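A.B. asks:
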Amino acid sequence: MKPNTSLVTEEITLNMGPQHPSTHGVYRAVLTLDGEKVVGVENVIGYLHRGIEKLAEDRTYTQFIPYTDRLDYLAAMLNNLGYVQAVEKLMGIEVPERAEYLRIIMAELSRIASHYVMLASMALDLSGWTAWFIPFRDRERILDLFEMVCGSRLTLSYMRIGGVAADIPPEFVPALKSFLAELPRGLEEFNGLITNNEIFKARCQGVGRIDLETALAYGITGPNLRACGLPFDLRKVKPYGIYDRFDFEVPVRHNGDTYDRFVIRVLEIEQSARIIEQALRDLPEGPIMAKVPRVIKPPQGEVYHQIEGAKGILGFYVVSDGSSKPYRIHIHSPSFVNLGAFPVMAKGGTIQDAVATLASIDIVLGEVDR
Amino acid sequence: MLDALLSSWGLPLWAVTTIRALVYLLGVLAFVFLNAIYLIYLERKISAYMQQRLGPNRVGPRGIFQSVADAIKLLCKEDIIPREADKWVFLVAPIVIFIPAIMVYAIIPFGPGMIAADLNIGVFYFLAVASTTTIAILMGGWAGNNKYSLLGAMRTVAQMVSYEIPLVFSILGVVMLVGSLKTSDIVAAQKEIWFILLQPVAFLIYFIAATAEVNRGPFDLVEGEQEIIAGPFTEFTAMRYALFYLSEYTNLLSVSALAVTLFLGGWQGPWLPPWLWFIIKVYIMILLFMWVRWTFPRIRIDHLLQFNWKFLLPLSLVNILGTGIGIKVYQALMTGGW
Chain H
0 MKPNTSLVTE EITLNMGPQH PSTHGVYRAV LTLDGEKVVG VENVIGYLHR
50 GIEKLAEDRT YTQFIPYTDR LDYLAAMLNN LGYVQAVEKL MGIEVPERAE
100 YLRIIMAELS RIASHYVMLA SMALDLSGWT AWFIPFRDRE RILDLFEMVC
150 GSRLTLSYMR IGGVAADIPP EFVPALKSFL AELPRGLEEF NGLITNNEIF
200 KARCQGVGRI DLETALAYGI TGPNLRACGL PFDLRKVKPY GIYDRFDFEV
250 PVRHNGDTYD RFVIRVLEIE QSARIIEQAL RDLPEGPIMA KVPRVIKPPQ
300 GEVYHQIEGA KGILGFYVVS DGSSKPYRIH IHSPSFVNLG AFPVMAKGGT
350 IQDAVATLAS IDIVLGEVDR
Chain R
0 MLDALLSSWG LPLWAVTTIR ALVYLLGVLA FVFLNAIYLI YLERKISAYM
50 QQRLGPNRVG PRGIFQSVAD AIKLLCKEDI IPREADKWVF LVAPIVIFIP
100 AIMVYAIIPF GPGMIAADLN IGVFYFLAVA STTTIAILMG GWAGNNKYSL
150 LGAMRTVAQM VSYEIPLVFS ILGVVMLVGS LKTSDIVAAQ KEIWFILLQP
200 VAFLIYFIAA TAEVNRGPFD LVEGEQEIIA GPFTEFTAMR YALFYLSEYT
250 NLLSVSALAV TLFLGGWQGP WLPPWLWFII KVYIMILLFM WVRWTFPRIR
300 IDHLLQFNWK FLLPLSLVNI LGTGIGIKVY QALMTGGW
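First to last, the sequence lines map onto chains H and R.
According to numbering that gives the first Met the number 0, the stretch in the first sequence is residues 0 to 369, in order.
According to numbering that gives the first Met the number 0, the stretch in the second sequence is residues 0 to 337, in order.
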């Protein structure tokens, strides 16, 4: 049969977002489609811009802490930690031991909670409805723990410059221990339902691949980079706080595809649980706040401090002019950087692949648009 | 019985036939609507049970009237027709999808003698009518003038046309055993042994292909909420959307009913009245469909088609060949010679 040359096909442009079930917030991807195939992707961001960095210039150093909760709102503790450590570095404050340990516990719990959300929402983006509930059920217990220590569940503002806001209540440790004891069972249940599912594997393996060079060129960090084969984790490479005291591994996967980015989160949850167990074992008694002046006035100067956030390297650049308000704060947010590589990953796949890939990058729009 | 009663009133034959048809239609409509409404509730409850939630529990005892409340809400909502829509097609599509969904019930034997039209081409009629659903979805997807709808409609055609073939072939095995397309004959032939035991492969193929035919997970690419919002139904609102939604459950009910008729012995069973047996079996099938839907993630479109053409179709052909050989061997053994 002669090919039908009169049949004209055209590429279509599809606006995925800003209101779309799987953009995880108000983010827009302009997809150029050839049928179901994605031939071009363009990121459009800025729908959630709140000017947090500018707002910081009119707040005192302590007043800015609640704003950091609203960056990556799924891992508020980590944002708190990054910011207060930056200011402490600038002022040269020594944090008490107990506060350091509490910070580690809270930060790792936050990381687990954030990874839980990623696992759940990626399962959901691939229509694994039931699998969504398992991580969220377990995350609920972490939020309960947070509620015990600081009264809120999402926007925590628990850390202070020089320590933490409050000591843990007596019921916290048993609750945390029972959570850690039951964590592997929840993961096993989840892995059985979705991680090892044939359809899920077929949807994810080899999809949205990015090789190590490209990943490094785009500045991808965190679990997404470790899924490409580089065991780069600031907690190990350049330990901040007291991370050098703990024994844990940095999980690595080598394919750099959607499936590896998914699995690496499961592995990291296990490692975070290990850190928490050790921190809980060694938790010393003592004060939870260092002696800090009532009004925080760092000396004139600037500081850049980065920590390993849940999504990658989270950096705070603080410039002080000696007054009680920061002259400038810049936030290097991992989601923003990681999202930059989405067009490269999604190109050449189908729409369904693009959705899976976006979910695997694990962006939080609060952090992309600061 | 109805005929005799009507004739005794001195009505002419055409009136008797018409009234009988109307009564059947009403019966089927009542059955279908009640079940579809209940199925929506059931699906929500089942998924809630699987997901450690409560599900609807506010309207009526255990939330049983939730679907009724939803239906009333949808009836009261504004019916929006997009300005750029292909108006005529847009208006007709929800109705077109519902007609075949109801029509197929004509040949379902709910019990001995409880069949609206015992056609001699029963099963064929079912497949022919059911396949027109594709057109309605395509109409809906095209008329909305929405890119997501169009993508959904394209997927629908690819998927439903492909999966129709293994569906038909899987049924062929049963038809070969019975030697008739009449549904009443097929049920009668299963007095001794259910065809699920003689045709296990065919049952599996039927189950998979039927899941794809009624667009349920993991083959719910047509709607694919996470990718294309609601596929062809994206632009529909109010009762038009509800009709699509209802037809989905009507279709689920009808493929389950056909599965029971073909493989699970229809209305046959001990002790309980036949129609009750039928309902029980249909609901077991539906529960299977729901179980699958709430367990598996969605498959990708190219995998879906590959699975169909490279695995399901050859398998169904092999099944037909095997059935043919089996019948011949059985006959030879029975008659004691080739």
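Built from N, CA and C at the ideal position, the CB exists for glycine as well.
Please read these numbers as outputs of a predicted model, since none were measured by experiment.
Check the DSSP bridge columns for H/V374 and list the partner residues they point to.
C.D. replies: The structure shown does not extend to residue 374 of chain H, since chain H is modelled only from 0 to 369, so the question has no answer here.
A.B. asks: Would you say H/I350 reaches chain R, if we count a Cβ-Cβ gap shorter than 8 Å as a contact?
C.D. replies: By 1-based counting over the first sequence, the position of residue 350 of chain H is 351. By this cut-off, H/I350 is an interface position.
A.B. asks: Using 8 Å as the limit for Cβ to Cβ distance, is R/T155 near chain H?
C.D. replies: Counted from its first residue, the second sequence places residue 155 of chain R at position 156. Judged by the 8 Å Cβ criterion, R/T155 is not in contact with chain H.
A.B. asks: So R/T236 contacts chain H; which residues on that side make the cut at Cβ distance below 8 Å?
C.D. replies: Working through the second sequence from its first residue, we reach residue 236 of chain R at position 237. Within chain H, no residue comes near R/T236; the closest Cβ sits about 16 Å away, beyond 8 Å.
A.B. asks: Going by DSSP, what residues sit across from H/N394 in a beta bridge?
C.D. replies: Residue 394 of chain H is absent from the model: chain H starts at 0 and stops at 369.
A.B. asks: Using DSSP's beta-bridge definition, name the partner residues of H/Q351.
C.D. replies: In the first sequence, residue 351 of chain H corresponds to position 352, counting from 1. Its beta-bridge partners do not exist; DSSP assigns none.
A.B. asks: H/H304: buried (16+ other C-beta within 10 angstroms of its C-beta) or exposed?
C.D. replies: Indexing the first sequence from 1 puts residue 304 of chain H at position 305. Buried.
A.B. asks: Name the chain R residues that come within less than 7 Å of H/D124, Cβ to Cβ?
C.D. replies: Along the first sequence, one-based indexing puts residue 124 of chain H at 125. Simply Q225.
A.B. asks: Determine, for R/P108, whether the minimum Cβ-Cβ distance to residues of chain H falls below 8 Å.
C.D. replies: For this step, residue 108 of chain R is matched to residue 109 along the second sequence. No, R/P108 does not count as interfacial toward chain H.
A.B. asks: Please give me, in chain order, every unbroken run of the alpha helix (DSSP H) with length at least 4 that falls completely inside the segment 219-300 of chain H.
C.D. replies: Qualifying alpha helix (DSSP H) stretches, in chain order: 222-225, 233-236 and 257-281.
A.B. asks: My output table needs one value for H/Q305: the three-state DSSP class, helix, strand or coil.
C.D. replies: Translated into positions along the first sequence, residue 305 of chain H becomes position 306. Three-state DSSP puts H/Q305 in a strand.
A.B. asks: Tell me the rounded alpha-carbon separation between R/Q267 and R/F277.
C.D. replies: Counted from its first residue, the second sequence places residue 267 of chain R at position 268. Counted from its first residue, the second sequence places residue 277 of chain R at position 278. Looking at the two C-alpha atoms, the distance is approximately 7 Å.
A.B. asks: Against H/V354, what residues of chain R qualify as contacts under a CB-to-CB distance less than 7 Å, listed in chain order?
C.D. replies: For this step, residue 354 of chain H is matched to residue 355 along the first sequence. Within 7 Å Cβ-Cβ: Q225 and E226.
A.B. asks: Compare the C-beta of H/P342 against all C-beta atoms of chain R and say whether one is closer than 8 Å.
C.D. replies: Translated into the one-based positions of the first sequence, residue 342 of chain H becomes position 343. So, not an interface residue.
A.B. asks: For the candidate residues H/M158, H/G348 and H/V7, whose alpha-carbon lies nearest to that of H/E102?
C.D. replies: Looking up residue 102 of chain H in the first sequence gives position 103. Before going on, a small fix: residue 102 of chain H reads as Arg here, not Glu. Of the listed residues, the one whose Cα sits closest to H/R102 is H/M158.
A.B. asks: Take R/E77 as the anchor and find which of R/T334, R/F235, R/K181 and R/D117 has the nearest alpha-carbon.
C.D. replies: Counted from its first residue, the second sequence places residue 77 of chain R at position 78. Selected option, being the one with the closest Cα: R/F235.
A.B. asks: With a threshold of 8 Å on Cβ separation, who are the neighbours of H/P65 within its own chain once the five nearest residues in sequence on each side are excluded?
C.D. replies: Start at 1 with the first residue of the first sequence, and residue 65 of chain H comes out as number 66. Contacts found: T154 and S156.
A.B. asks: For a contact meaning CB atoms closer than 7 Å, what does H/T129 contact in chain R?
C.D. replies: The residue given as residue 129 of chain H occupies position 130 in the first sequence. The answer, in chain order, is M49, Q50, W293 and T294.
A.B. asks: Below 8 Å, how does it come out for the segment 62-78 of chain R and the segment 124-140 of chain R: are there three or more Cβ pairs, yes or no?
C.D. replies: The segment 62-78 of chain R is not in contact with the segment 124-140 of chain R.
A.B. asks: Would DSSP call H/K310 helix, strand or coil?
C.D. replies: In the first sequence, residue 310 of chain H corresponds to position 311, counting from 1. The answer is coil: DSSP assigns H/K310 none of H, G, I, E or B.
A.B. asks: Hey, H/R136 and H/V116: beta-carbon distance below 8 Å or not?
C.D. replies: Walking along the first sequence from the start, residue 136 of chain H turns up at place 137. Walking along the first sequence from the start, residue 116 of chain H turns up at place 117. Taking 8 Å as the Cβ cut-off, H/R136 and H/V116 do not qualify as a contacting pair.
A.B. asks: What does H/L199 reach in chain R if we use C-beta pairs closer than 8 Å?
C.D. replies: The sequence position of residue 199 of chain H within the first sequence is 200, counting from 1. The residue you asked about is not Leu; residue 199 of chain H is Phe in the sequence shown. Within chain R, the residues near H/F199 are P296.
A.B. asks: Considering only the beta carbon of each residue, do H/I306 and H/N337 sit closer than 8 Å?
C.D. replies: Position 307 of the first sequence, counting from 1, holds the residue named residue 306 of chain H. Position 338 of the first sequence, counting from 1, holds the residue named residue 337 of chain H. No, they are not a contact pair.
A.B. asks: Under 8 Å, Cβ to Cβ, is there at least one residue of chain H near R/G216?
C.D. replies: As a first step, residue 216 of chain R must be located in the second sequence, where it is residue number 217. Yes - at least one Cβ of chain H is within 8 Å of the one on R/G216.
A.B. asks: Could you give the C-beta distance for R/S315 and R/P165, rounded to a whole number, given that I count them as a contact under 8 Å?
C.D. replies: Here residue 315 of chain R refers to the residue found at position 316 when the second sequence is read from its first residue. Here residue 165 of chain R refers to the residue found at position 166 when the second sequence is read from its first residue. Indeed they touch by this definition, with Cβ atoms about 5 Å apart.
A.B. asks: Name, going along the chain, the residues of the segment 300-314 of chain R whose beta-carbon falls closer than 9 Å to a beta-carbon of chain H.
C.D. replies: Flagged, chain order: I300, D301 and H302.
A.B. asks: Quick one: list the residues of chain H neighbouring R/S46, beta-carbon separation under 8 Å, in chain order.
C.D. replies: Along the second sequence, read from residue 1 onward, the residue named residue 46 of chain R stands at position 47. Those within 8 Å of R/S46 in chain H are W128 and T129.
A.B. asks: Quick one: list the residues of chain B neighbouring R/L150, beta-carbon separation under 9 Å, in chain order.
C.D. replies: Absent from the structure is chain B; the protein chains it does hold are H and R.
A.B. asks: How would you list, in chain order, the residues of chain H whose beta-carbon sits under 9 Å from the beta-carbon of R/K146?
C.D. replies: In the second sequence, residue 146 of chain R corresponds to position 147, counting from 1. Those within 9 Å of R/K146 in chain H are I11, T12, L13, N14 and L32.
A.B. asks: What residues of chain R sit near H/R136, judged by a beta carbon separation below 8 Å?
C.D. replies: Taking the first residue of the first sequence as position 1, residue 136 of chain H is located at position 137. What H/R136 touches in chain R: Q51.
A.B. asks: Determine whether the beta carbon atoms of H/D352 and H/V206 lie at a separation below 8 Å.
C.D. replies: Counted from its first residue, the first sequence places residue 352 of chain H at position 353. Counted from its first residue, the first sequence places residue 206 of chain H at position 207. A contact, by the Cβ cut-off of 8 Å.
A.B. asks: Please list, in chain order, all residues of the same chain as R/L180 whose beta carbon is under 7 Å from its beta carbon, the five residues on each side excluded.
C.D. replies: Here residue 180 of chain R corresponds to residue number 181 of the second sequence, with the count starting at 1. Here the set comprises N119, I120, G121, V122, F123 and V174.
A.B. asks: Pick out the complete alpha helix (DSSP H) segments inside the segment 115-185 of chain H, 4 residues or longer, and give them in chain order.
C.D. replies: Whole alpha helix (DSSP H) segments, 4+ residues: 128-149.
A.B. asks: Give me the subset of the segment 195-226 of chain H whose CB atoms are less than 7 Å from a CB atom of chain R, sorted by chain position.
C.D. replies: Result list: N196, I198, F199, A201 and R202.
A.B. asks: Under 7 Å between beta-carbons, which chain R residues line up against H/F189? List them in chain order, please.
C.D. replies: Numbered from 1 along the first sequence, position 190 holds the residue referred to as residue 189 of chain H. Under the 7 Å cutoff, chain R gives no residues; its nearest Cβ is about 13 Å from H/F189.
A.B. asks: Is it buried or exposed, R/L25, if we count other Cβ atoms within 10 angstroms and call 16 or more buried?
C.D. replies: Locating residue 25 of chain R in the second sequence gives position 26, counting from the first residue. Counting Cβ neighbours within 10 Å, R/L25 comes out exposed, since fewer than 16 surround it.
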